[in-house]
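Using numbering that gives the first Met the number 0, the first residue of the sequence shown is number 0, and each one after it goes up by one. Note that the Cβ used here is the ideal one computed from N, Cα and C, for glycine as well. Here the structure is a predicted model, which is why all the values come from computation and not from measurement. Report on one structure; see the data block that follows.
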Amino acid sequence: MILTLIPAVQNWRMTNGRLYFSLTKHNIFYYTCGLSFSVANIFTSLLLHYAYHAMLHDFQSIVLAILATRMHRHLWQVNRRARGSSALVHISMSENSSVDVMA
Numbered sequence: 000m001i002l003t004l005i006p007a008v009q010n011w012r013m014t015n016g017r018l019y020f021s022l023t024k025h026n027i028f029y030y031t032c033g034l035s036f037s038v039a040n041i042f043t044s045l046l047l048h049y050a051y052h053a054m055l056h057d058f059q060s061i062v063l064a065i066l067a068t069r070m071h072r073h074l075w076q077v078n079r080r081a082r083g084s085s086a087l088v089h090i091s092m093s094e095n096s097s098v099d100v101m102a
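So, in structure tokens, the structure goes:
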């Protein structure tokens, strides 16, 4: 993981793109959390009962899902700011329905 991290940080410093900066920042944080949770899971499985290991594993899944959702939400907000839209668009599902209802 460290061998992958070193070139990513070097490219991050040399590249001025906002997308590359955002993706690299979020991915470094995501992989750091994943690595620390994996190490904690190893020690938990060796030292504590299975119930604690399962609880930490579930917590890891939740935290990593939140981090991935946070990254997607951040990218969505950056895209909206770049396009200049600030209002939410409501698309009615009844207008887009292609299913004919037969009585």
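- In this structure, the beta-carbon distance from L66 to C32 falls below 8 angstroms.
- Residues L66 of the same chain have their beta carbon placed closer than 6 angstroms to that of Y29, with the five preceding and five following residues left out of the count.
- Each of S60, Q9 and S35 was checked against the Cα of K24, and the nearest Cα belongs to Q9.
- I61 and S35 have their C-alpha atoms some 14 angstroms from each other.
- For L22 and Q59, the gap between their C-alpha atoms comes out near 21 angstroms.
- Straight-line measurement puts the Cα of L47 at about 13 angstroms from the Cα of H56.
- Fully enclosed alpha helix (DSSP H) runs of no fewer than 4 residues occupy 49-82 of the stretch 45-87, in order along the chain.
- Per DSSP, reduced to three states, the secondary structure at N40 is helical.
- If you draw a straight line from the Cα of N40 to the Cα of M54, it is about 10 angstroms long.
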